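Asks: Quick one: structure below, then a few questions.
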Amino acid sequence: MQINTYIAGFLLIYIAKLVKYMYRITFMNDSASSFQTALQLVTSGNPELVEIVALSLKVSLSAVVFASLLGMPVGALMAMRSFPGRAALITLFNSLMGLPPVVLGLVVYLLLSRAGPLGEYGLLFTPEAMILAQTLLVLPIIIALTRQALSDLHVEYAEHFHSLRLSMRAEAFALLWEGRYALLTTLLAGFGRASAEVGAVMIVGGNINHVTRVMTTSIAMETSRGDFTLALALGIVLVSIVILINAMVSVVQMRERRHQ
Amino acid sequence: MLVPNQDVNHQTNSILPLTLEGVHYQVDGLQLLSDISIQFPPKGTITIVGPNGAGKTLLLRICHGLLSPSQGRILWADNAKALVPGVQSMVFQRPVMLRRSATDNLMFAMKASKVPVEQRAVRLEQALEHAKLSSLKDRPAKKMSGGEQQRLALARCFALQPQILFLDEPTAHLDPVSISHVERLIHTIAETGCQIVMVTHDLAQARRLGSFTAFMKGGQLVEFSETETFFTNPQSEALSAFLRGQDFNNN
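Written as structure tokens, this is what we have:
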């Protein structure tokens, strides 16, 4: 127990130092504070900032849409039917939920590079490449969470649907609709993962100004250059989006509880 | 008042009667149903009684096609037609409701059973009216009471206008008022010409609703006769004991 107290003490001191340091660089820096400039950037709708945020949203939202169109039917099928290798597949998708984005970025890079199997399409360092990478990143989350959400529902409805002689397709769609609130949470989880990752989009997109620069890659670059203003402004936007997503998840879950 | 089903029974495309030929069902070497052979009469309500674990619910599931018998066959007058959605229907002990309004639950079933679009609104209204649920049509089905849900489940079958309806202890968890509502609704459905096959633990109910009654015990069909005869003149010792409230094997 004593060891834990020491660790907690060190952590507290460390966090306090960090907060003090962040306060200094944001509020006491030179003439104007970086934090205030960053806030101004956000509120004034700075064109560069808007461009970066818009591309980020475009890439991540597209990735979530594609991953859902692909992953939700697959997740539903895995919830509904047993087949050889199902358990292994479930374990695989559960593990892939935690796949490091940089590893996935590397794989997609190799696929899309000139010498790679998809090299002829010249997709590397384009927004499309970033959408592809994020789609693959989000896909396991959508499949695994959809399967989890629909498994219980399937147990509840299997006999009723069988009694109505539903086709497999109709059954899958009915289950997806019955699980709509849980699936919305799944979508938001997928979007959260896509919008927050930096590794995959950095590798396949290349962080090219006005072409593939998104919020996370921009923050990484500006921070390494020591220019905190834009980095902070983007950070504020990104954190706001994350908070918004979580608020939406809570609202959806509350609604779900009310309806059942 | 009642609109008889357009194409139910007594016509060329009726799937009735239902015949069971040497039906066995076993799981992991456990014989749950053994050698059940019977041709049900094509008309009239059939009630099935028997002690717990007799295989009543299992028999219902096999007849409805939810399970396949390990041996033997389920035969209909028109086997192909029996597979058509909406021709046969079933209500479970605990009603299964979608997370939607009462109306949408009925609409979903009608759509699944390919009820012509132009008939759906009329059937919906009629079914809800008979189930005395018209005032609750927009309420989420999951929010309804047990009795209301069971009536809604029956209304859903009513809207499908099946030729045969399997009921698995539809009043098992209900209070006396709800039971009388549900029984009235079952009676109404039977009046449209739909054959009812109902499992129940309530002997008085079996007698009230049945035209024929079957007695099952230990996975076997022990006795089947007209309901009046069944209760007044049981043929087997097992049924006599059961009606007296005794377990034959233990006496």
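In order, the protein sequence lines correspond to chains P and G. For the first sequence, our numbering begins at 1 and goes up steadily by one. For the second sequence, our numbering begins at 1001 and goes up steadily by one. All C-beta atoms, glycine included, are put in the ideal place defined by N, C-alpha and C. Just so it is clear, the structure is predicted and the values come from calculations on it, not from any experiment.
1) Does any residue of chain P bring its CB to less than 7 Å from the CB of G:P1116?
2) Say whether chain G places a C-beta atom closer than 7 Å to the C-beta of P:L176.
3) Counting only beta-carbon separations shorter than 7 Å, does G:G1055 have a partner in chain P?
4) Under the DSSP definition of a beta bridge, which residues are partnered with G:H1024?
5) Identify whether G:D1202 lies in helix, strand or coil by the three-state DSSP scheme.
6) Indicate whether G:R1139 and G:L1106 have their beta-carbon atoms separated by less than 7 Å.
7) Below 7 Å between beta carbons: does that hold for G:I1179 and G:T1171?
8) Given a threshold of 16 other Cβ atoms within 10 Å of its Cβ, counted over all protein chains shown, does P:I7 qualify as buried or as exposed?
9) Listing by chain order, which chain P residues have their CB less than 7 Å from the CB of G:A1112?
10) Of all Cβ atoms in chain P, is any one closer than 7 Å to the Cβ of G:M1198?
11) What do you reckon, are the CB atoms on P:V65 and P:A233 nearer than 7 Å?
12) Listed from N- to C-terminal order along the chain, which residues in the region 125–157 of chain P have their beta-carbon within a distance smaller than 8 Å of any beta-carbon of chain G?
13) Going by other Cβ atoms of all chains shown within 10 Å of its Cβ, with 16 needed for buried, is P:I3 buried or exposed?
14) Taking its Cβ as the centre, do 16 or more other Cβ atoms sit within 10 Å of P:I15, making it buried, or is it exposed?
15) Does the beta-carbon distance from P:L188 to P:M248 come in below 7 Å?
16) For P:A63, which option in P:E197, P:F173, P:R225 has the closest C-alpha, if you only look at C-alpha atoms?
17) DSSP on P:A189, reduced to helix/strand/coil?
18) Out of curiosity, what's the CA-to-CA distance linking G:L1124 and P:L164?
19) Give me the DSSP bridge partner(s) of G:Q1126.
20) Per the DSSP calculation, G:K1217 is bridged to which residue(s)?
21) For the putative contact between G:F1212 and G:T1227, defined by C-beta atoms under 8 Å, what is the C-beta separation to the nearest angstrom?
22) Report the option in P:Q40, P:T146, P:A170 whose CA atom is closest to the CA atom of P:L69.
23) G:V1096 versus chain P: which residues are under 8 Å apart at the beta carbon?
24) State buried or exposed for G:F1108, treating a residue as buried only when at least 16 other CB atoms are found within 10 Å of its CB.
25) Identify whether P:S240 lies in helix, strand or coil by the three-state DSSP scheme.
26) Would P:A144 and P:A76 qualify as a contact pair, given that the criterion is a beta-carbon distance under 7 Å?
27) Leaving out five residues on either side along the sequence, give the residues of the same chain with a beta carbon under 6 Å from the beta carbon of P:L238.
28) Checking 7 Å against the spacing of the C-beta atoms, do P:A79 and P:S151 come in under that value?
29) When the Cα atoms are used, what is the spatial distance from P:R86 to G:A1131?
30) Mapping DSSP to helix, strand and coil, what is G:V1003?
31) Starting from G:Q1150, trace the beta strand (DSSP E) both ways and give me its first and last residue.
32) Out of curiosity, what's the CA-to-CA distance linking P:Y103 and P:S218?
33) With burial defined as no fewer than 16 other Cβ atoms inside 10 Å of the residue's Cβ, what is the status of P:S195: buried or exposed?
34) Could you round the C-beta distance between G:Q979 and G:E1183 to whole angstroms and report it? I think they count as a contact, below 8 Å.
35) Beta carbon of G:H1024, beta carbon of G:S1014: below 7 Å?
36) Chain P partners of G:M1144, CB-CB under 7 Å?
Replies: Result, derived from the coordinates:
1) no
2) no
3) no
4) G:Q1071
5) Residue state, collapsed to three classes: coil.
6) no
7) yes
8) Taking every protein chain shown into account, the CB of P:I7 has fewer than 16 other CB atoms within 10 angstroms, so this residue is exposed.
9) L164, L166, A170
10) no
11) With respect to P:A233, P:V65 sits apart: the two C-beta atoms are not nearer than 7 Å.
12) For the region 125–157 of chain P, residues whose beta-carbon sits nearer than 8 Å to a beta-carbon of chain G comprise E156, Y157.
13) exposed
14) exposed
15) yes
16) When each option's Cα is compared against that of P:A63, the closest is P:E197.
17) P:A189: helix per DSSP, three-state reduction.
18) 17 Å
19) In the DSSP output, where bridge partners are listed per residue, G:Q1126 has none listed.
20) G:Q1220
21) 6 Å
22) P:T146
23) E156, Y157, E159, H160, listed in chain order.
24) G:F1108 is buried by the Cβ-count criterion.
25) helix
26) no
27) M215
28) Taking 7 Å as the cut-off, the beta carbon of P:A79 is found closer than this to the beta carbon of P:S151.
29) 43 Å
30) Confidence at G:V1003 is low in this model, with a pLDDT of 48, below 50, so its placement is unreliable and no value can be given for it.
31) Per DSSP, G:Q1150 belongs to no beta strand (DSSP E); it is in the alpha helix (DSSP H), 1146–1160.
32) Here residue 103 of chain P turns out to be Val, not Tyr, going by the sequence shown. Cα to Cα, the separation comes out at about 20 Å.
33) buried
34) This structure cannot speak to residue 979 of chain G, because chain G is shown only from 1001 to 1251.
35) For G:H1024 and G:S1014, no; Cβs fall outside 7 Å.
36) By Cβ distance, chain P contributes nothing, its closest Cβ being about 12 Å from G:M1144, past 7 Å.
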